[in-house]
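Working notes, structure below.
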Amino acid sequence: MKARPRYSGAIALLVALAVYIGIETLILTGALNLYWQQIINLAGIITISALGLNLIYGYTGQFSLGHAAFYGIGAYTAALVTRTIGGHNPAVLLLALAAGAVLSGFVALLIGLPILRLKSDYLGIATLGFGIIVKVLLDNSDTVVPAMGGSRGMSAIPKFTSFLWVFPLALVAVVVLRNIVWSGIGRALISVREDELAAEAVGIDSTRYKTLGFVIGCMYAGAAGGLYAHLFTFLHPSNFDFLKSIDVLLVVVLGGLGSISGTIVAAVAWTFLLEGLRIVLPPAVQDWRWVIYPLLLVIFMLARPGGIFAGTEFKFLRPHTTK
Amino acid sequence: MSYFLQQLINGLQLGFVYALIALGYTMVYGIVRLINFAHGDVFMVGAYFGFYALASWKLPWPLAIMAAMVGCGILGMVIERVAYRPLRSAPRISALITAMGVSLFLEYFTSLRFVFGPDYRAFPRPFAVTSFAVGGVAVSNIQLIVFAVSTILMVALTLFVNNTKTGLAMRAVSFDHNTSRLMGINVDWVISVTFGVGSALAGAGGVLYGIAYPQINPFMGVMPGLKAFVAAVLGGIGVIPGAMLGSLIMGVVETFTSAYISSTFRDAVAFGILILVLLVRPAGILGKPSREKV
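Which chain is which? The protein sequence lines are D and B, in order.
Here the first sequence stands for residues 1 to 323, where the numbers follow our numbering.
Here the second sequence stands for residues 324 to 617, where the numbers follow our numbering.
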């Protein structure tokens with residue numbers, strides 16, 4: 001791989017800062033209404049969650065169809081934290097997100113240790129099963145914790161999530177993931193993806209690294225879920241069902257497995273495409289939105305099976321390499 | 324005790340319908356290693372074919388089942404030709420995402436007003452329901468028909484796979500595509516037939532489901548599809564008797580959970596058992612454990 005140009009990281013950060021200030025200005029001046037703010041924030045949240053799945057599936061090669069379960073665990077945990085503490089201080093959000101991420105990671109550790117022994121499709125099915133179990137538990141959660149509302153949904157969550165929070169957190173998520181991927185740990189994760197036996201043969205504890213990748217990826221999902229809870233202020237178990245896991249998987253695959261740049265672009269493009277179709281299509285054919293969307297998906301997959309970025313990265317996300 | 328037996332019968336009824344879906348999943352997975360998420364929606368289309376055959380064309384129910392089987396068989400082959408064949412050498416995840424896309428497309432396209440429409444429809448009962456008391460347990464003629472039709476189709480499938488030349492070719496292709504091609508087998512055709520046969524079974528399952536649980540809508544295939552797939556994995560994916568066994572277990576477990584615990588937990592128990600079985604026997608109950616080659 002070509003060495004990245006010097007300063008490209010610094011330039012990228014400056015660009016990110018400019019985008020941040022630019023969009024925030026548009027919001028403050030009222031140029032972007034609440035509807036568009038919500039979509040932008042959602043794109044950021046999906047980016048964070050999808051980055052987590054990319055670490056699990058794209059980099060570590062562990063097929064997970066239960067990502068939405070961890071997203072849901074994070075969302076409900078974070079919502080419970082802010083509702084318990086109360087008050088109007090948005091800084092509580094950080095505590096809530098941390099709690100959501102930690103609990104998601106802890107559950108991922110408990111479930112990951114036994115099931116990560118399974119391979120490829122079987123792991124996918126086991127995680128799918130776990131996702132459905134979590135949804136059933138959420139549906140019945142009100143018998144234990146009345147505040148969680150069970151199948152009636154959890155309401156009265158304070159609205160703390162705003163672009164002011166989402167963008168910097170997404171940026172942190174990108175930088176942290178980039179640093180993981182290009183570190184020794186990242187090399188170990190990728191070697192497990194490429195060939196588990198060969199990785200074991202050169203002394204990499206594959207169970208340990210698979211679990212590590214899974215736990216960190218699920219913590220990403222948990223934090224994203226916490227942001228989601230405080231964006232929409234209402235949670236329902238059906239927001240975290242099997243199809244939501246598929247949505248995140250779509251973003252990761254469309255962007256390109258093992259590409260941070262791809263995940264970012266695909267998450268934003270996917271969110272805007274779904275809403276864009278709503279605006280482009282005349283009201284009479286709104287029903288066609290969900291017919292056109294899967295058609296586009298199939299056509300895209302046929303035309304570009306490797307995803308948008310197919311294993312490459314923006315320059316600023318590559319490491320400095322030696323000559 | 325009679326309550327127990329009654330629930331067992333009800334569970335078997337559900338299990339037999341799952342089995343008809345699971346067979347298609349397991350055959351397709353066995354031959355192209357693809358989780359065909361659109362399969363549950365082919366099952367839904369089969370139920371609608373049955374609906375129109377019974378309600379509009381006034382066909383007798385055995386002919387309605389056959390019409391659904393032919394229609395779904397063709398649908399399955401078209402899906403394979405258009406969406407999956409171009410991706411056969413692509414990464415497997417691309418095909419999986421495409422399958423998801425086909426699934427969503429079938430659900431939402433058939434929801435359009437001029438296709439099937441988004442509403443629930445009452446499935447016509449082609450005959451009066453009677454039940455027979457056998458040792459304190461009521462068995463309805465619907466259940467007998469479900470048992471009989473599924474058994475006939477499963478026996479026919481087993482004979483087809485084990486005793487015909489095409490069946491032999493299918494088994495060969497599921498071992499190795501390239502070697503089969505060298506033996507003069509038309510691999511594309513065999514895969515096409517596999518999709519056709521699997522989808523036809525799902526079509527029959529759709530009509531039986533409609534007769535047994537008489538309410539249909541374009542999203543009815545999602546959960547039965549997932550559960551039938553899970554049943555196929557439970558029994559050992561790629562293994563035909565495994566799909567039948569797994570489906571019966573799945574149907575019975577689900578019915579017992581509803582009867583003795585709570586119907587809200589039936590999915591959780593079914594999937595919990597799946598995870599436990601996978602942990603103990605990763606290849607499923609009747610599956611052959613695959614050795615890792617170095």
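Ideal Cβ positions, reconstructed from N, Cα and C, are used throughout, including at glycine.
For G424 (chain B), the chain D residues whose Cβ falls inside 8 Å of its Cβ are P294, L295, L297, V298 and M301, in order along the chain. Contacts with chain D (Cβ-Cβ distance below 8 Å) from the region 514-537 of chain B involve no residue at all. Among the CB atoms of chain D, none fall inside 8 Å of the CB of D511 (chain B). Counting the other Cβ atoms within 10 Å of the Cβ of N33 (chain D) gives fewer than 16, which makes it exposed. Identification of chain B residues near D139 (chain D) by a Cβ-Cβ cut-off of 7 Å yields T587, ordered along the chain.
In the DSSP assignment, V462 (chain B) falls within the unbroken beta strand (DSSP E) covering V460 to S463. Only exposed fits F450 (chain B), as fewer than 16 other CB atoms lie within 10 angstroms of its CB. By the beta-carbon neighbour count (other beta carbons within 10 angstroms, threshold 16), G150 (chain D) is buried. Annotated as proximal: I264 (chain D) and V174 (chain D), with beta-carbon spacing under 8 Å. The DSSP-derived three-state label of Q62 (chain D) is coil. Bounds of the beta strand (DSSP E) holding F455 (chain B) are S454 to V457. Taking all protein chains shown into account, Q286 (chain D) has fewer than 16 neighbouring C-beta atoms within 10 Å of its C-beta and is therefore exposed.
With its beta carbon less than 8 Å from one in chain B, D287 (chain D) belongs to the interface. Within chain B, not a single residue places a beta-carbon under 7 Å from that of Y71 (chain D); the smallest gap is close to 18 Å.
Secondary structure within the region 416-486 of chain B: the beta strand (DSSP E) runs of 3 or more consecutive residues, fully enclosed, are 454-457 and 460-463 (chain order).
Residue burial is scored here from C-beta neighbours: W512 (chain B) has fewer than 16 other C-beta atoms within 10 angstroms and is therefore classed as exposed. In this chain, the alpha helix (DSSP H) harbouring L103 (chain D) covers V92 to I115.
Measuring C-alpha to C-alpha distances from G306 (chain D) to each of D:A269, D:V252 and D:A284 identifies D:V252 as the nearest. The CB of W165 (chain D) never comes closer than 9 Å to any CB in chain B; the least such distance is about 31 Å.
A direct Cα-Cα distance of roughly 40 Å separates F70 (chain D) from I397 (chain B). For T580 (chain B), the number of other beta carbons within 10 angstroms of its own is at least 16, and it is reported as buried. Look at M389 (chain B) here: in three-state DSSP terms it is helix. The Cβ atoms of G369 (chain B) and C395 (chain B) lie closer than 8 Å to each other. Any Cβ of chain D closer than 8 Å to the Cβ of D590 (chain B) would place that residue at the interface, and such an atom is present.
Taken through DSSP and simplified to helix, strand or coil, I508 (chain B) comes out as coil.
Counting only the Cα atoms, V545 (chain B) lies some 10 Å from L243 (chain D). When D:L110, D:F314, D:N89 and D:M219 are compared, the shortest CA-CA separation from I48 (chain D) is found for D:M219. Here G213 (chain D) is buried: its Cβ has 16 or more other Cβ atoms, across all protein chains shown, within 10 Å. Across the set B:M573, B:A582 and B:S586, the C-alpha of B:M573 shows the shortest separation from the C-alpha of I598 (chain B).
A Cβ-Cβ separation of about 5 Å places T161 (chain D) in contact with L227 (chain D) under the 8 Å criterion. Nearest in C-alpha terms to G124 (chain D), of all of B:V562, B:V438, B:V553 and B:K611, is B:V553. Annotation note: the region 198-253 of chain D contains the following uninterrupted alpha helix (DSSP H) runs of length 4 or greater, listed N- to C-terminal: 206-232. I539 (chain B) has B:R444 as its beta-bridge partners, per DSSP.
If you draw a straight line from the Cα of A75 (chain D) to the Cα of N239 (chain D), it comes to about 10 Å. Within the region 397-424 of chain B, the residues whose Cβ lies closer than 7 Å to some Cβ of chain D are A406, P409, L410, A413, P414, I416, S417, I420, T421, M423 and G424, listed in chain order. The criterion of a C-beta distance shorter than 8 Å is satisfied by S463 (chain B) and S454 (chain B).
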